[in-house]
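Student: Got a structure for you, written out below as structure tokens; questions coming shortly.
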Amino acid sequence: MAELVREVMTPGVAAVRPDASLVEAARLMRTQDIGDVLVADDDSVVGVLTDRDITVRAVAEGLDPQEVSVKAVCTPQPVAVGPHDRVTEAAALMREHAVRRLPVVEDGLPVGMVGLGDLAVAQEPRSAPADISRSEPAGGPGGGADA
Numbered sequence: 001m002a003e004l005v006r007e008v009m010t011p012g013v014a015a016v017r018p019d020a021s022l023v024e025a026a027r028l029m030r031t032q033d034i035g036d037v038l039v040a041d042d043d044s045v046v047g048v049l050t051d052r053d054i055t056v057r058a059v060a061e062g063l064d065p066q067e068v069s070v071k072a073v074c075t076p077q078p079v080a081v082g083p084h085d086r087v088t089e090a091a092a093l094m095r096e097h098a099v100r101r102l103p104v105v106e107d108g109l110p111v112g113m114v115g116l117g118d119l120a121v122a123q124e125p126r127s128a129p130a131d132i133s134r135s136e137p138a139g140g141p142g143g144g145a146d147a
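Written out as structure tokens, the structure is:
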């Protein structure tokens, strides 16, 4: 069973500038087949933007995704973990802050992401959430919804 975040995280990150439009961010998510991007100013993480943020905080409010910046709807100053932190610490932070994903930061630089599904696979490999996390979305890559 994995003990450290680096063993279960998704290495590498997709990032956008705070002044990028929501359309730019959504296109990056589609291209990368991911449900979240980091918002980075130079080399520091200043926020996390999820597909749900775009839907709930912008589109549902009638905002124009071409005109609204990522900074306006992202979650600012996200809680983060390090690659050498324990998986149990990451799970506790997700629970405490009611989030499904955490940026993984080392020496101030983003190096990956760890999600609830990653932790499910690490802690309970035979659980239903772990099975769901390992499966392909409906319709193959890019064809389903990000949970």
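For the sequence shown, the numbering used here gives the first residue as 1, with consecutive numbering after it.
For glycine and all other residues, C-beta sits at the position ideal for the given N, C-alpha and C.
Model, not experiment: these values are computed from the prediction.
For the alpha helix (DSSP H) containing residue 31, list its first residue and its last residue.
Tutor: For residue 31, the enclosing alpha helix (DSSP H) begins and ends at 22-32.
Student: Measure the alpha-carbon distance for residue 130 versus residue 116 and round it to whole angstroms.
Tutor: Bear in mind that a pLDDT of 45 at residue 130, under 50, signals an unreliable position, so the model cannot answer this.
Student: Cβ of residue 72 within 8 Å of Cβ of residue 38?
Tutor: no
Student: From the DSSP output, in three-state form, read off residue 96 for me.
Tutor: The answer is helix: DSSP assigns residue 96 an H, G or I state.
Student: Whose C-beta lies closer than 6 Å to the C-beta of residue 49 among residues of the same chain, with five residues either side of it excluded?
Tutor: 25, 37, 39, 70 and 74
Student: Is it right to say residue 78 is buried, meaning 16 or more other beta carbons lie within 10 angstroms of its own, or is it exposed?
Tutor: buried
Student: Flag this pair as yes or no: are the beta carbons of residue 122 and residue 2 separated by less than 8 Å?
Tutor: yes
Student: So what does residue 75 bridge to, in DSSP terms?
Tutor: 48
Student: Tell me the DSSP bridge mates of residue 35?
Tutor: Bridge pairing for residue 35: absent [DSSP].
Student: Going by DSSP, what residues sit across from residue 41 in a beta bridge?
Tutor: 44
Student: Mind the definition here: the stretch 88-98 touches the stretch 55-68 only if three or more C-beta pairs lie below 8 Å; say whether that holds.
Tutor: no
Student: Taking 8 Å as the threshold (C-beta atoms), are residue 10 and residue 107 in contact?
Tutor: no
Student: Along the chain, where does the beta strand (DSSP E) that runs through residue 114 open and close?
Tutor: 109-115
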